[in-house]
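For the sequence shown, my numbering assigns the number 669 to the initial residue and increments by one for each residue that follows.
Cβ coordinates follow ideal geometry from the N, Cα and C atoms, glycine included.
Computed from a predicted model, the values in this text were never measured in an experiment.
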Amino acid sequence: MKKKRKGCFAAAGFMMIFVFVIASFLLVLLFFNRDLIKKLPIDTKTIVLERLTDYKPLVEDELENQGLSNYTSLILGMMYQESKGKGNDPMQSSESLGLKRNEITDPQLSVKQGIKQFTLMYKTGKEKGVDLDTIIQSYNMGAGYIDFVAEHGGTHTEELAKQYSEQQVKKNPELYTCGGNANNFRYPYCYGDYTYAEKVKEKTKTVEESLQVATLETMESKAHE
């Protein structure tokens, strides 16, 4: 009986050592492979910001092409809200191309199309005389929201976004149901997310702070070279 127990303990001990070695190997692998970490379904603030920063050069180039160079942080803030920088459609821009959600399979195409869509909303918004928050919200709710706000004072509020959402829901109540979940925070305003602009602004601030820190670290590093 004692021999059997010793055998069980030995087997358990071996298994623990094996698991420890494998876990240690994976941790070392992840530590030295930041690209692998960023592809994992881990959403710590640091990892999300690293993903977004990887897109910064492309975002800057595309915005410069559109004459909107001052909006890098905003676009990255929108990407943060849309996908946290994950997946093949980080700007969730498939639908603006007439495709189904997440049908874009090329992240670069997603970014380019997302910025193209933002540029369209931006120009439309400026023509209609609405504020930037309305333009941001229209990325989520569509150009119709710009017209709606223009007719109601030109300044975005969550109350106006709710009213517009309610209007759209009434047009197609079977489609906009919040997944049938009455506990969804959007319910009954199930068309779009009436809090989108505010969420994007909060995330844009986080992105700006991160980019400022990165810039300071780069400057300090060069100063010590």
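query	result
Kindly indicate which three-state DSSP category L698 falls into: helix, strand or coil?	In this predicted model, L698 has a pLDDT of only 49, less than 50, meaning its place in the structure is not dependable enough to derive any value.
Helix, strand or coil for K769 per DSSP?	Reading off the sequence, residue 769 comes out as Arg, not Lys. In the structure shown, R769 sits in coil (DSSP, three-state: anything other than H, G, I, E or B).
Evaluate R719 with the Cβ neighbour count: other Cβ atoms within 10 Å of its Cβ, from every protein chain shown; 16 or more gives buried, anything less gives exposed.	buried
Got a sec, what are the start and stop residues for the alpha helix (DSSP H) V727 sits in?	K713 to N733
Tell me whether the beta-carbon of A865 lies closer than 9 Å to the beta-carbon of A829.	yes
Taking the continuous alpha helix (DSSP H) assigned at D774, which residues delimit it?	Neither: D774 is in no alpha helix (DSSP H) and is coded neither H nor E.
If contact is defined by three or more beta carbon pairs under 8 Å, each pair taking one atom from either stretch, is the segment 743-751 in contact with the segment 862-878?	yes
Would you mind stating whether V779 and Y857 have Cβ atoms separated by less than 9 Å?	no
If E771 and Q760 are in contact, beta carbons under 8 Å, what's the gap, nearest whole angstrom?	E771 to Q760, Cβ: 11 Å. No contact.
Decide if E795 is buried, meaning its Cβ has at least 16 other Cβ atoms within 10 Å, or exposed.	exposed
Alpha carbon to alpha carbon, what distance is there between D774 and G755?	9 Å
If you check the beta carbons only, do T863 and E826 fall under 9 Å apart?	yes
By DSSP, does I705 sit in helix, in strand, or in coil?	A caution first: I705 carries a pLDDT of 47, below 50, which makes its placement in the model too unreliable to give a value.
Here's a check: name, in chain order, each residue in its chain whose Cβ is nearer than 6 Å to the Cβ of E876, leaving out the five neighbours to either side.	S741
Going by Cα to Cα distance, which pick from G822, T792 and K791 is closest to D799?	G822
For L736, I'd like the list of residues in its chain whose CB is within less than 7 Å of its CB, leaving aside the five on either flank, ordered along the chain.	T787 and Y790
How is the alpha helix (DSSP H) around M746 delimited, first residue to last?	T740 to S751
On the DSSP letters alone, give me the boundaries of the alpha helix (DSSP H) that M759 sits inside.	Neither: M759 is in no alpha helix (DSSP H) and is coded neither H nor E.
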